[in-house]
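Undergrad: Taken in order, these protein sequences are the chains called P and H. Residues 1 to 359 (the working numbering) make up the first sequence, in order. Residues 360 to 667 (the working numbering) make up the second sequence, in order. Before I ask anything, here is the structure I am working with.
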Amino acid sequence: MAEVRFDAASRIYPGTEVPAVNELNLDIADGELLVLVGPSGSGKSTALRMLAGLEFIDKGSVFINDKDVTLAPPQDRDIAMVFQNYALYPQMSVAANMGFALKQQGIPKDERRKRVEEAARILDLEPYLDRKPKNLSGGQRQRVAMGRAIVRSPQVFLMDEPLSNLDAKLRVQTRTELADLQARLGVTTVYVTHDQVEAMTMGHRVAVLDHGVLQQVARPRDLYSKPENRFVAGFIGSPAMNLVDVDATNGIAIAGGTVPFDDSVNVANQSGTVSVGVRPEHLSLVTDGTPDSIAGEVTVVEELGSEAFVHVRTKHQGDDLTLVVRDEGETSTQRGDQVSVAFTGPTHLFGADGERVGD
Amino acid sequence: MAAVTSNSTREEQVKALQKKEARRRRLPLLPALLFTIVVTQVPFLMSLYYSFTKWTVTPPSPREWIGIENYTDAFTNMFFRQAAMTSVIMTLTSVVLSVILGTGVALLLDRKFFGQGFVRTLIITPFLVMPVVAGLVWKNQMFSAAFGVLNWVLNQVGVESIEFASKFPRWSIVGVLVWQWTPFMMLIILAGLQGQSSSVIEAAKVDGASPRATFFQITLPHLRPYIELGVLLGSIYLIQVFDHIVVMTGGGPGSTNVPLFVNQRSIGGGWRFGSASAFSIVVVVATIILATFGLRVLSGLLEGEEAA
Ligand SMILES: Nc1ncnc2c1ncn2[C@@H]1O[C@H](COP(=O)(O)OP(=O)(O)O)[C@@H](O)[C@H]1O
Ligand SMILES: [Mg+2]
Chain P
1 MAEVRFDAAS
11 RIYPGTEVPA
21 VNELNLDIAD
31 GELLVLVGPS
41 GSGKSTALRM
51 LAGLEFIDKG
61 SVFINDKDVT
71 LAPPQDRDIA
81 MVFQNYALYP
91 QMSVAANMGF
101 ALKQQGIPKD
111 ERRKRVEEAA
121 RILDLEPYLD
131 RKPKNLSGGQ
141 RQRVAMGRAI
151 VRSPQVFLMD
161 EPLSNLDAKL
171 RVQTRTELAD
181 LQARLGVTTV
191 YVTHDQVEAM
201 TMGHRVAVLD
211 HGVLQQVARP
221 RDLYSKPENR
231 FVAGFIGSPA
241 MNLVDVDATN
251 GIAIAGGTVP
261 FDDSVNVANQ
271 SGTVSVGVRP
281 EHLSLVTDGT
291 PDSIAGEVTV
301 VEELGSEAFV
311 HVRTKHQGDD
321 LTLVVRDEGE
331 TSTQRGDQVS
341 VAFTGPTHLF
351 GADGERVGD
Chain H
360 MAAVTSNSTR
370 EEQVKALQKK
380 EARRRRLPLL
390 PALLFTIVVT
400 QVPFLMSLYY
410 SFTKWTVTPP
420 SPREWIGIEN
430 YTDAFTNMFF
440 RQAAMTSVIM
450 TLTSVVLSVI
460 LGTGVALLLD
470 RKFFGQGFVR
480 TLIITPFLVM
490 PVVAGLVWKN
500 QMFSAAFGVL
510 NWVLNQVGVE
520 SIEFASKFPR
530 WSIVGVLVWQ
540 WTPFMMLIIL
550 AGLQGQSSSV
560 IEAAKVDGAS
570 PRATFFQITL
580 PHLRPYIELG
590 VLLGSIYLIQ
600 VFDHIVVMTG
610 GGPGSTNVPL
620 FVNQRSIGGG
630 WRFGSASAFS
640 IVVVVATIIL
650 ATFGLRVLSG
660 LLEGEEAA
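Structure (structure tokens):
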């Protein structure tokens, strides 16, 4: 079992100026499932490939189990990787694919067969062991890629968007199975995805990257309730947090409604343009005339059955502003209704530099 | 009961649709196909007919049907057997060597480096040289005892000049053929290499495969269809080699292959078109058998590599 540590590790691709991964510091505990999440191009794959040994580390170092592997080739790191396109060996049968790494280690045929069959049983791949990858469905291929990784019992699993080529339903199902499998095997895992829902549901902890810079590492719940900066606030959560730029010179209000903050936020200290964040479930539709409520018109109602998201258009500092409000149960609101919106839960304040203000 | 009948009619409907689809796809091919058949098969059929006749020009005599006599001749004719042997050896060695060399060069060119396009073009040029010119250039500029570059190099290291083309006629020709055909094999195999997904190679690296193991267990099986194609095309062309031999050795000892032999028998002076036709038919049949067999063996070799 293994711990993984990135120590100010950077990757600058030849011919580029800006590091694709910029001084990444990250400690991953033994047996942990850490998810790297961020928008496309944020450096997630690069970070993972640095750990795999497939990408040079230009600055800083990477440790596996306190062993410096910064310059070690992939085969000396005892890691297994699941690629986004699975990268199965097309000319080999499923069994040969899964046994390939063992064969390279010189493990005898019988032992190989035994371990491959064991992994195939875990992954329900037994009927397909003699097939070629091209004769498998997408979900089966994904499982072969997983099988290839678990057969080896490596120190660390690395997964680069392993579910992104599956259809939506299968993705949700496989997500749960994968998290369960990881917990059972207890192998330290670094999991890359651009899908924040996947990150939140699977990760023991989630690391958010943007432009190669680590924004925040936290447990999913903390990431959701205490985003460290404006980027994380906007990236995590679906539908996204309402983020409104406010001129803080004379107190902080949105469309005439004064925003309540908890005691750790000193509103009087703020100046310039700050951002106010409030999640849809912390806003409510209220009766007209409620103090500090925001008046507006309903433009869209998204009915999801157990809840509805109501888009309310209002005027803020002379511009149109749309707030998304969560309405529980079946809503009676319709497009075109005139409504009032009130703050009913925690709010977040981000200073002019984008950093969180207060606790 | 009703369900069964409706099923079977549906089956028939689907079959009819498939047939229609197949026809729709094949019909546009028809003109080209007809043209190809007329251009390639008619001369072949005529040769086939001639091969059963006695037909000499000097002295002029009417064509005369003699059955399989030309064929029995072919198998007992020692010179023909020698020529056939030369053809087989020349073709096999040239194809095998140019595939091996071509694979090597392709592996080298498959990585990024400065001036990649330029080097690639340079390496392809031998393939673009006309066979006659290639033969002449090698005979006079490379192999010649008096002015040849090779002999100049040999002289520098203290070895006496060798008149390659007359001393080693067969291997001199094989050398030139390999020189001309390596670029062709390289092109085909390079296309194969560039069609290989880079993440497969990375997966092998992560799985702990050495570069050697990656090549033999992953890259080579992937290249198999490309190598097969190269071998097939190369064999078909090289069995017909003629110009190089005429120019370099004129069919000197051990370098008369079947095309040259057939030529000598017919328009080259022998004027025996009937028996020459029979020889060429034998070669065509032998080539087909050889190519089929060769591909089997090759497939088997690569298949075995994978199963191991
Ligand atoms: N081989 C490469 N050469 C140059 N730039 C690259 C290379 N690979 C990725 N990049 C750049 O590095 C950044 C991060 O890429 P990547 O790690 O693939 O992002 P992600 O996986 O988060 O989508 C992107 O801006 C991308 O354009
Ligand atoms: Mg990526």
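Just so you know, even glycine gets a beta-carbon here, dropped at the ideal spot from N, CA and C. Just so we're clear, the structure is a prediction, and the values are computed from it rather than from any experiment.
Less than 8 Å separating the beta-carbons of residue 493 of chain H and residue 553 of chain H?
TA: On the second sequence, position 134 is the one that residue 493 of chain H refers to. On the second sequence, position 194 is the one that residue 553 of chain H refers to. No, the Cβ-Cβ distance between residue 493 of chain H and residue 553 of chain H is not below 8 Å.
Undergrad: May I ask you to report which of helix, strand or coil DSSP gives residue 88 of chain P?
TA: Residue 88 of chain P sits at position 88 when you count from the first residue of the first sequence. Of the three classes helix, strand and coil, the one that applies to residue 88 of chain P here is coil, per DSSP.
Undergrad: Would you say residue 44 of chain P touches ligand 2, meaning its beta carbon is less than 7 Å from a heavy atom?
TA: For the purposes of this step, residue 44 of chain P is taken as residue 44 along the first sequence, with counting starting at 1. Yes; taking the cut-off as 7 Å, the Cβ of residue 44 of chain P has a heavy atom of ligand 2 nearer than that.
Undergrad: Kindly examine ligand 2 and report whether one of its heavy atoms sits closer than 7 Å to the Cβ of residue 561 of chain H.
TA: Position 202 of the second sequence holds residue 561 of chain H. Outside the cutoff, so no.
Undergrad: Taking only the alpha-carbon atoms, compute the straight-line gap between residue 386 of chain H and residue 445 of chain H and give it to the nearest angstrom.
TA: Locating residue 386 of chain H in the second sequence gives position 27, where the first residue counts as 1. Locating residue 445 of chain H in the second sequence gives position 86, where the first residue counts as 1. If I take the Cα positions, the gap works out to 43 Å.
Undergrad: Would you identify the three-state DSSP class for residue 147 of chain P, choosing helix, strand or coil?
TA: The count along the first sequence starts at 1 and reaches residue 147 of chain P at position 147. Residue 147 of chain P: helix per DSSP, three-state reduction.
Undergrad: Comparing alpha-carbon positions, which option in P:315, P:355, P:218 lies nearest residue 203 of chain P?
TA: Locating residue 203 of chain P in the first sequence gives position 203, counting from the first residue. Comparing Cα-Cα distances from residue 203 of chain P to each of P:315, P:355, P:218, the minimum goes to P:218.
Undergrad: Is the beta carbon of residue 231 of chain P less than 8 Å from the beta carbon of residue 358 of chain P?
TA: What you label residue 231 of chain P is simply residue 231 of the first sequence in a count that begins at 1. What you label residue 358 of chain P is simply residue 358 of the first sequence in a count that begins at 1. For residue 231 of chain P and residue 358 of chain P, no; Cβs fall outside 8 Å.
Undergrad: Using only the heavy atoms of ligand 1, determine whether one of them is closer than 7 Å to the beta carbon of residue 38 of chain P.
TA: Looking up residue 38 of chain P in the first sequence gives position 38. It does: the Cβ of residue 38 of chain P is within 7 Å (strictly closer) of some heavy atom of ligand 1.
Undergrad: Suppose the cutoff is 7 Å on Cβ atoms and the five residues either side in sequence are ignored; what does the same chain contact list for residue 134 of chain P look like?
TA: Here the question's residue 134 of chain P lines up with position 134 in the first sequence. For residue 134 of chain P, where only same-chain residues beyond five positions count, the Cβ hits under 7 Å are 90.
Undergrad: Which runs of the beta strand (DSSP E), 3 residues or longer, sit entirely within the region 436-520 of chain H?
TA: You should have found no qualifying run.
Undergrad: Confirm, please, whether the CB-CB distance from residue 98 of chain P to residue 141 of chain P is below 8 Å.
TA: Looking up residue 141 of chain P in the first sequence gives position 141. Looking up residue 98 of chain P in the first sequence gives position 98. Cβ atoms of residue 141 of chain P and residue 98 of chain P: not closer than 8 Å.
Undergrad: Would you list, in sequence order, the uninterrupted alpha helix (DSSP H) runs of no fewer than 4 residues that lie entirely inside the region 578-606 of chain H?
TA: You should have 579-597.
Undergrad: Express the C-alpha separation of residue 305 of chain P and residue 547 of chain H in angstroms, rounding to a whole number.
TA: The residue given as residue 547 of chain H occupies position 188 in the second sequence. The residue given as residue 305 of chain P occupies position 305 in the first sequence. Between residue 547 of chain H and residue 305 of chain P, the C-alpha separation is close to 59 Å.
Undergrad: Thinking C-beta only, is residue 83 of chain P closer than 8 Å to residue 7 of chain P?
TA: As a working note, residue 7 of chain P is residue 7 in the first sequence. As a working note, residue 83 of chain P is residue 83 in the first sequence. Against a cut-off of 8 Å, the Cβ pair of residue 83 of chain P and residue 7 of chain P comes out as no contact.
Undergrad: Going by the CB atoms, is the gap between residue 81 of chain P and residue 562 of chain H shorter than 8 Å?
TA: In the second sequence, the residue the question calls residue 562 of chain H occupies position 203. In the first sequence, the residue the question calls residue 81 of chain P occupies position 81. In this structure, residue 81 of chain P lies closer than 8 Å to residue 562 of chain H by Cβ.
Undergrad: Can you grab the Cα-Cα spacing for the pair residue 569 of chain H / residue 78 of chain P, in whole Å?
TA: Taking the first residue of the second sequence as 1, we reach residue 569 of chain H at position 210. Taking the first residue of the first sequence as 1, we reach residue 78 of chain P at position 78. Their Cα atoms are separated by approximately 14 Å.
Undergrad: So, with DSSP's three-state summary, where would you put residue 241 of chain P?
TA: Here the question's residue 241 of chain P lines up with position 241 in the first sequence. Residue 241 of chain P falls in the coil class under three-state DSSP.
Undergrad: Return the CA-CA distance between residue 389 of chain H and residue 425 of chain H, expressed in angstroms with no decimal places.
TA: Your numbering for residue 389 of chain H matches position 30 in the second sequence. Your numbering for residue 425 of chain H matches position 66 in the second sequence. In a straight line, the C-alpha of residue 389 of chain H is about 37 Å away from that of residue 425 of chain H.
Undergrad: Below 8 Å, can you find three or more Cβ-Cβ pairs linking the region 22-42 of chain P to the region 208-217 of chain P?
TA: Yes, they touch.
Undergrad: So residue 279 of chain P is in the alpha helix (DSSP H); what residue range does that whole segment cover?
TA: On the first sequence, position 279 is the one that residue 279 of chain P refers to. Careful: residue 279 of chain P lies outside any alpha helix (DSSP H) and carries neither H nor E.
Undergrad: Hey, residue 33 of chain P and residue 189 of chain P are a contact pair by Cβ (cut 8 Å); roughly how many whole angstroms apart?
TA: As a position in the first sequence, residue 33 of chain P is number 33, starting the count at 1. As a position in the first sequence, residue 189 of chain P is number 189, starting the count at 1. Contact holds; Cβ gap of about 5 Å.
Undergrad: Using only the alpha-carbon positions, how far apart do residue 281 of chain P and residue 340 of chain P sit?
TA: By one-based count along the first sequence, residue 281 of chain P stands at place 281. By one-based count along the first sequence, residue 340 of chain P stands at place 340. Their Cα atoms are separated by approximately 15 Å.
Undergrad: Pick helix, strand or coil for residue 355 of chain P, following the three-state DSSP scheme.
TA: By one-based count along the first sequence, residue 355 of chain P stands at place 355. Residue 355 of chain P: strand per DSSP, three-state reduction.
Undergrad: Residues in the same chain with beta-carbon distance under 8 Å from residue 287 of chain P, minus the five sequence neighbours each way, listed in chain order, please.
TA: The residue given as residue 287 of chain P occupies position 287 in the first sequence. Here the set comprises 340.
Undergrad: Leaving out the 5 sequence neighbours to the left and right, which residues in its chain are closer than 8 Å to residue 485 of chain H when beta-carbon positions are compared?
TA: Residue mapping note: residue 485 of chain H aligns to position 126 of the second sequence, counting from 1. Excluding positions up to five away in sequence, the list reads 493, 538, 539, 541, 542.
Undergrad: With a threshold of 8 Å between beta-carbons, can residue 81 of chain P be considered close to chain C, or not?
TA: Going by chain labels, chain C is absent from the structure shown, which instead holds the protein chains P and H.
Undergrad: How about residue 193 of chain P: is its Cβ closer than 7 Å to a heavy atom in ligand 1?
TA: Within the first sequence, residue 193 of chain P is the residue found at index 193, counting from 1. Not under cutoff, so the answer is no.
Undergrad: Ordered along the chain, which non-local residues of its own chain (more than five positions away) have a Cβ less than 8 Å from that of residue 327 of chain P?
TA: On the first sequence, residue 327 of chain P is found 327 positions in, with the first residue counted as 1. Contacts found: 284, 285, 307, 308, 309, 310, 333.
Undergrad: With C-beta atoms as the reference, is residue 206 of chain P less than 8 Å away from residue 37 of chain P?
TA: Sequence index remark: in the first sequence, residue 206 of chain P carries index 206 (1-based). Sequence index remark: in the first sequence, residue 37 of chain P carries index 37 (1-based). The answer is yes: Cβ separation under 8 Å.
Undergrad: Measuring only between beta-carbons, confirm whether residue 595 of chain H sits less than 8 Å from chain P.
TA: Numbered from its first residue, the second sequence carries residue 595 of chain H at position 236. So no, residue 595 of chain H is outside the interface.
Undergrad: If I measure Cβ to Cβ from residue 608 of chain H and keep anything under 6 Å in the same chain, skipping five residues before and after, which residues do I get?
TA: Here residue 608 of chain H corresponds to residue number 249 of the second sequence, with the count starting at 1. Excluding positions up to five away in sequence, the list reads 524, 528, 614.
Undergrad: Thinking just about the alpha-carbon of each residue, which of P:290, P:349, P:103, P:268 is nearest to the one in residue 228 of chain P?
TA: Taking the first sequence and counting its residues from 1, one reaches residue 228 of chain P at position 228. Per the Cα distances, P:349.
Undergrad: Is residue 361 of chain H buried or exposed, if buried means 16 or more other CB atoms sit within 10 Å of its CB?
TA: Taking the first residue of the second sequence as position 1, residue 361 of chain H is located at position 2. At residue 361 of chain H, the pLDDT of 47 sits below 50, so the modelled position is not reliable and the matter cannot be decided from this model.
Undergrad: Pick from P:321, P:152, P:178, P:279: whose alpha carbon is nearest that of residue 242 of chain P?
TA: Your numbering for residue 242 of chain P matches position 242 in the first sequence. Closest by alpha carbon: P:279.
Undergrad: Spatial neighbours of residue 577 of chain H within its chain, please: CB distance less than 6 Å, with the 5 preceding and 5 following residues excluded, ordered by chain position.
TA: Taking the first residue of the second sequence as 1, we reach residue 577 of chain H at position 218. Closer than 6 Å at Cβ, skipping near neighbours: 563.
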